[in-house]
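J.:
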Ligand SMILES: CC/C=C\C=C\CC(=O)SCCNC(=O)CCNC(=O)[C@H](O)C(C)(C)COP(=O)(O)OP(=O)(O)OC[C@H]1O[C@@H](n2cnc3c(N)ncnc32)[C@H](O)[C@@H]1OP(=O)(O)O
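Numbering (the numbering used here), first residue to last: 103 to 629.
Next comes the structure, spelled out in structure tokens:
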């Protein structure tokens, strides 16, 4: 039986996408589209027209902004009986000349291939929900889907040899990679034996088997809705890179994802993903660091693959300084294939958050606290550290997290100059070697960070500002050396939309709490 919620979804938000004659399109859940092969009286045999429509609908949904995931199923008794046999006969060219016949057939087969490849090329994940039977061309079709679910009574059949042809629209190319057992795939393709659902699940063709069509569709909708609740940029990037990596070497896949993430992480979509996170028992711990910048060592440790979940990073309280540091972190994560999201698009604050427990690496003031307060409405704060108790608490924190912030114990001058040198060296090196994301140079008296050289960032540079940077550290024995190391002007060419403080100073003045916040004393935290 369909659940009431599912029935409501089906009837409530369903709407037609465009006029498709042989496909039925519904939206059973927000941002989830359901494409049904719709020739039930012919067992959804795929006619030329239906084939064209399949290609069109997946191309269309690929760019439909309110579509985030797609279910593909068959209306009626079964998923599909494969190619429409009468349409198949029409494929045979009529010309007498064999060369022309070949050319004509080549063109037609390429077109058919493109129709099914549209499923794989569609940016949105496609879940094939397969019931009854899936025969011949149907198997080619579902091999292009990202996830396959099946009902228990259903069988699959690579039936082409039975009608005297070689499966040529995807099965032979994709099924071996899905199953990972060439011998078995050969057997399926060479004998056309029916593959029952339990075997299909066992050999990995489908993720799972549901008891009947109703539960199959419920599961498909739930799965599609779950995918639709995630960041669309992250989901689409994941699909794209999964497909790419399947067909390329590990290194090629890694290189591509590095580039992908270095481009995508500059967007604001992760913030949207953040907003759809459910309230729960997630916790985060605020760690306030007295250093100006987290060192590369800290960044490496916080973003290491051994730490499960996603890492978010707060860089510093003001934007030009943030940009400087964020880029470094982005690059680090891109190069090392580490997922990193920004909590807030452009210029404000980003926060290190691990998916379930939230680590906030915090080395600044003011607006960060607003974000933390916002977050704290959704997430239980179990620990915060205020400036007033920083010196003591940072020691405790170090004790709690010895492997995370060991470098805090370094001398501040070493740390600062080391950080700068490292940034300059590593960032420039990566820039030249890898992606040329930005140019960072250091002269005797200044740092120049030129965002106009960012290649992957789509928007043009509009604004240039020069900031005098004064760093003041609260720990008195460090203050002098820190100033000596950091009283350098630097030039930042900001990206558009920047609301950076183009004329002010970057303050690190922990001696007086009010001085921390250059905007609003009410921001003094009291979380
Ligand atoms: C370049 C080439 C690219 C791709 C090539 C793909 C190759 C393939 O797809 S190979 C597979 C071809 N398909 C078949 O061989 C299946 C044939 N059909 C059947 O075996 C059965 O119909 C069934 C799927 C097992 C379903 O049986 P049942 O439930 O008993 O229904 P039927 O009464 O047999 O059929 C009802 C109705 O549907 C029509 N129909 C079924 N399959 C097809 C088909 N593949 N093409 C066209 N029409 C089909 C059938 O003729 C009946 O129509 P009526 O008008 O009611 O007679």
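Backbone N, C-alpha and C define an ideal beta-carbon position, used for all residues, glycine too.
Leaving out five residues on either side along the sequence, give the residues of the same chain with a beta carbon under 6 Å from the beta carbon of residue 161.
T.: Excluding sequence neighbours, residue 161 sits near 220.
J.: For residue 260 and residue 236, I'd like the C-alpha separation in whole angstroms.
T.: Computed Cα separation, rounded: 9 Å.
J.: Quick one, which of 251, 288 and 283 has its alpha-carbon nearest residue 262's?
T.: When each option's Cα is compared against that of residue 262, the closest is 288.
J.: Should residue 143 be labelled buried (16 or more other beta-carbon atoms within 10 Å of its own) or exposed?
T.: Residue 143 is exposed by the Cβ-count criterion.
J.: I need the DSSP call for residue 192, collapsed to helix, strand or coil.
T.: Helix, per DSSP.
J.: So residue 279 packs on residue 348, CB below 8 Å; how close in whole Å?
T.: Confirmed, Cβ separation roughly 6 Å.
J.: Quick check: is any heavy atom of ligand 1 less than 7 Å from the C-beta of residue 222?
T.: Every heavy atom of ligand 1 is 7 Å or more from the Cβ of residue 222, so no.
J.: Which complete alpha helix (DSSP H) runs does the region 149-187 hold, if anything under 4 residues is left out?
T.: Counting whole runs of 4 or more residues, the region 149-187 contains the alpha helix (DSSP H) stretches 150-164.
J.: Within a Cβ cutoff of 6 Å, which residues of the same chain sit near residue 311, ignoring the five residues on either side of it in sequence?
T.: So the list reads 252, 254, 299 and 303, once near-sequence residues are dropped.
J.: Between 258, 191, 212 and 154, which has its C-alpha nearest residue 301's C-alpha?
T.: Of the listed residues, the one whose Cα sits closest to residue 301 is 258.
J.: Which two residues bound the contiguous beta strand (DSSP E) that contains residue 136?
T.: Its beta strand (DSSP E) spans residues 134-139.
J.: Out of curiosity, what's the CA-to-CA distance linking residue 608 and residue 165?
T.: Confidence is the limiting factor: at residue 608 the pLDDT is only 27, short of 50, which leaves the residue's position unreliable and the question unanswerable from this model.
J.: Taking 8 Å as the cut-off, decide whether the C-beta atoms of residue 242 and residue 293 are in contact.
T.: No, they are not a contact pair.
J.: So for residue 290, helix, strand or coil by DSSP?
T.: Helix.
J.: Using a threshold of 7 Å, is the CB atom of residue 295 nearer than that to any non-hydrogen atom of ligand 1?
T.: Every heavy atom of ligand 1 is 7 Å or more from the Cβ of residue 295, so no.
J.: Out of 315, 264 and 314, which one is the CA nearest neighbour of residue 290?
T.: That would be 264, whose Cα lies nearest to the Cα of residue 290.
J.: Please go through the same chain and pick out, in chain order, the residues whose beta-carbon is closer than 6 Å to the beta-carbon of residue 227, but skip the five residues on each side of it.
T.: Result list for residue 227: 171, 248, 329 and 341, in chain order.
J.: Distance check for residue 210 and residue 306, CA to CA, integer angstroms please.
T.: Their backbone Cα atoms lie some 31 Å apart in a straight line.
J.: Say the cut is 7 Å; is the CB of residue 155 nearer than that to a heavy atom of ligand 1?
T.: No.
J.: Any Cβ of chain D within less than 8 Å of the Cβ of residue 356?
T.: No chain D is part of this structure, which consists of one protein chain only.
J.: Report the three-state DSSP secondary structure of residue 122 (helix, strand or coil).
T.: Note: residue 122 maps to coil in three-state DSSP.
J.: State the beta-bridge partners of residue 259 as determined by DSSP.
T.: According to DSSP, residue 259 bridges with 237.
J.: Near residue 230, which residues of its chain fall below 6 Å by C-beta distance, leaving aside the five closest residues on each side in sequence?
T.: Excluding sequence neighbours, residue 230 sits near 174, 244, 247 and 250.
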